[in-house]
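If you read the sequence shown in the working numbering, its first letter stands for residue 1312, the second for the next number, and so on.
Cβ atoms here follow ideal geometry from the backbone N, Cα and C, with glycine treated the same way.
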Amino acid sequence: MILVDRTRHLAGLQFCPRARYWEYEYEGVGGQGKALSIPPATGKAFHRAIEPLLKALKETGEFPPRLQARGLILVAVQEYQKEASAAGLRNGQTADSEHVSEEAAWLITEQSTLVEGLAWAFWRSLLPFLSREFEIVAIEQEVNYVLGCDCGLGDGTVGEVAWEDVEGGADLQHEHRQCSGVALMIRPDLITRQLSSGAVAVWDFKTSASDWQPKEMDHLVQLAIGVTGAGEVVGEPCTQHYLVGLHKGQRKSDDREGKGMKRQRSPFCQVYYKPADPPYGEAEYQAAYTRRKGWGRVPVWEIEFPEQDKEEAGSSAVEHWVLDLMGAEEVASKCSLNGPTQAPVHLIPRILKEVEAETRYWKDVMAAVVEDPEGLDTYVRRS
């Protein structure tokens, strides 16, 4: 069997073939670039914060209350903090877990705040819609979809791709039957059923540094693969696709040369703040940029909000900011929803054929590189 997934497939088409080679194909597993001392929060960290909220909704069918959501989100934040601290230790940026550099401590706190802020934005803006309109069917349930089967079991999810023993014995394993098909590994972020119509939909969550719009090719491939996987999980056609954009903002320095310390330009991390001026006025806060006199940009976690514990006892600064002070439209703009998009049923077979063909092409390319390592520039072009 030849294994492939959506990310690997798109890597060589969106960027350049050499990118796919180094990241996924080199020596059969792909290479690891030099890691940042402490990695900024990635899509994995955000998924980890949102997934337990979805699971809570799936288990009870009810919107998880704020106190329950807080506990779930904080677990994900703490996991990111542990991973970030461990990365700093491995790369020599921190002497030990209790003595970190000022820059490392800032980055960990900033990115933890970002993860928490985006999770609260999702809880406030999109999770209520999900709880009202949909039944959650599955969350990140993986399925292997076989393309180009030649062992007799057939394409799709007939039989098992797995190498370990499965119910029914080895005769139901493509690998045991020496199948040379392509195993497309699909893991939809979320599968739902609309309460009013019964329509099955697949949801993809995408983190980005800006309020992006997906590229047409990326969107079509993502849609086709997601719809295929969701249909196999549910056992009936999946007809709709939703794309959730989690907009985390860019990380850049304040100076024009870009040499200063980078900061996350997100309203979940930085607040525009005007201190109180008794008896003339109370403190003011806003998410949008301003150059008005007396205003400045301040990290959320450094602000002592006067009403923080009065609104909801035990809430963190970023929780209070996102839920009690930010405007609903401001929060929703950072957690956007695209869809529903109707599944292009007529295009899906062609797209899956293209995935199979591209995967087999790469198998031939890697065989040629193994035979002739000096011919890498010939076989794997640069963009």
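What number of angstroms, rounded off, separates the C-alpha of residue i from the C-alpha of residue j?
| i | j | result |
| --- | --- | --- |
| Pro-1651 | Gln-1575 | 31 Å |
| Pro-1586 | Thr-1550 | 52 Å |
| Val-1532 | Glu-1595 | 46 Å |
| Pro-1589 | Ile-1447 | 50 Å |
| Pro-1610 | Val-1582 | 6 Å |
| Leu-1501 | Trp-1514 | 5 Å |
| Ala-1387 | Ala-1654 | 33 Å |
| Gly-1605 | His-1358 | 38 Å |
| Arg-1698 | Glu-1390 | Lying before the first or after the last residue shown, residue 1698 is absent from the chain, which here runs from 1312 to 1694. |
| Arg-1602 | Pro-1376 | 37 Å |
| Leu-1663 | Gly-1463 | 19 Å |
| His-1657 | Leu-1438 | 32 Å |
| His-1558 | Trp-1431 | 13 Å |
| Ala-1380 | Glu-1427 | 11 Å |
| Arg-1317 | Lys-1355 | 16 Å |
| Cys-1646 | Leu-1429 | 8 Å |
| Met-1677 | Glu-1336 | 7 Å |
| Ala-1512 | Thr-1539 | 11 Å |
| Tyr-1332 | Ala-1628 | 44 Å |
| Ala-1643 | Ser-1436 | 6 Å |
| Glu-1267 | Leu-1365 | Nothing about residue 1267 can be reported from this structure: the residues present for the chain run from 1312 to 1694 only. |
| Cys-1580 | Trp-1434 | 17 Å |
| Arg-1692 | Ala-1330 | 10 Å |
| Leu-1648 | Gly-1556 | 6 Å |
| Ser-1508 | Val-1545 | 16 Å |
| Tyr-1600 | Asp-1461 | 60 Å |
| Ser-1521 | Glu-1486 | 42 Å |
| Tyr-1584 | Gly-1467 | 56 Å |
| Ala-1541 | Gln-1484 | 22 Å |
| Glu-1362 | Pro-1499 | 12 Å |
| Ile-1384 | Val-1633 | 14 Å |
| Ala-1510 | Ala-1360 | 27 Å |
| Arg-1401 | Ser-1519 | Only weak support exists for where Arg-1401 lies, its pLDDT of 49 falling under 50; the coordinates are left without a value. |
| Glu-1334 | Glu-1630 | 37 Å |
| Arg-1567 | His-1530 | 34 Å |
| Leu-1506 | Asp-1635 | 30 Å |
How would you label residue i, buried or exposed, when you count the other beta carbons within 10 angstroms and need 16 or more for buried?
| i | result |
| --- | --- |
| Gly-1492 | buried |
| Gln-1619 | buried |
| Ala-1352 | buried |
| Asp-1565 | exposed |
| Ser-1408 | With a pLDDT of only 49 at Ser-1408, under the threshold of 50, the placement of this residue in the model should not be trusted; the figure read from the coordinates follows. Its Cβ having fewer than 16 others within 10 Å, Ser-1408 is exposed. |
| Met-1312 | buried |
| Gly-1607 | exposed |
| Arg-1661 | exposed |
| Leu-1418 | buried |
| Leu-1495 | buried |
| Lys-1621 | exposed |
| Gln-1489 | exposed |
| Lys-1517 | buried |
| Glu-1414 | exposed |
| Glu-1682 | exposed |
| Val-1315 | buried |
| Lys-1345 | Since pLDDT at Lys-1345 reaches only 48, below the 50 mark, its modelled position is unreliable, and the value read off the structure follows with that caveat. Exposed. |
| Gly-1465 | exposed |
Pick out whichever of the options has its Cα sitting closest to the Cα of residue i.
| i | options | result |
| --- | --- | --- |
| Leu-1534 | Ile-1659, Ala-1598 and Leu-1429 | Ile-1659 |
| Leu-1324 | Val-1680, Ala-1668 and Val-1681 | Ala-1668 |
| Gln-1597 | Ala-1639, Lys-1393 and Gly-1546 | Ala-1639 |
| Arg-1504 | Arg-1381, Ile-1450 and His-1487 | Ile-1450 |
| Val-1548 | Leu-1385, Glu-1413, Ile-1536 and Lys-1559 | The sequence shown places Pro at residue 1548, rather than the Val named in the question. Selected option, being the one with the closest Cα: Ile-1536. |
| Ile-1497 | Asn-1455, Gly-1467 and Thr-1468 | Asn-1455 |
| Gly-1382 | Val-1691, Gly-1625 and Trp-1673 | Gly-1625 |
| His-1320 | Val-1666, Ala-1679 and Arg-1671 | Val-1666 |
| Met-1572 | Leu-1378, Ala-1416 and Gln-1452 | Ala-1416 |
| Arg-1671 | His-1530, Leu-1385, Gly-1459 and Ala-1398 | Gly-1459 |
| Glu-1623 | Gly-1465, Ala-1679 and Leu-1378 | Leu-1378 |
| Met-1637 | Ser-1577, Val-1680 and Lys-1674 | Ser-1577 |
Touching by the beta-carbon criterion (3+ pairs, under 8 Å), the region 1370 to 1382 and the region 1603 to 1618: no
Within the region 1571 to 1631, ranges of the alpha helix (DSSP H) (whole runs, at least 4 residues): 1619 to 1622 and 1628 to 1631
The region 1372 to 1390 / the region 1436 to 1445 touching (three or more Cβ pairs under 8 Å): yes
At least 3 beta-carbon pairs within less than 8 Å: the region 1591 to 1608 vs the region 1685 to 1693: no
Complete runs of the alpha helix (DSSP H) confined to the region 1621 to 1685 [at least 4 residues]: 1628 to 1631, 1639 to 1644 and 1659 to 1682
Segment contact flag, the region 1414 to 1432 with the region 1541 to 1555, C-beta cutoff 8 Å, min 3 pairs: no
Every unbroken beta strand (DSSP E) within the region 1416 to 1452, with a cutoff of 3 residues, ordered by chain: 1445 to 1450
Inter-stretch contact (C-beta, 8 Å, three-pair minimum) for the region 1324 to 1339 and the region 1391 to 1398: no
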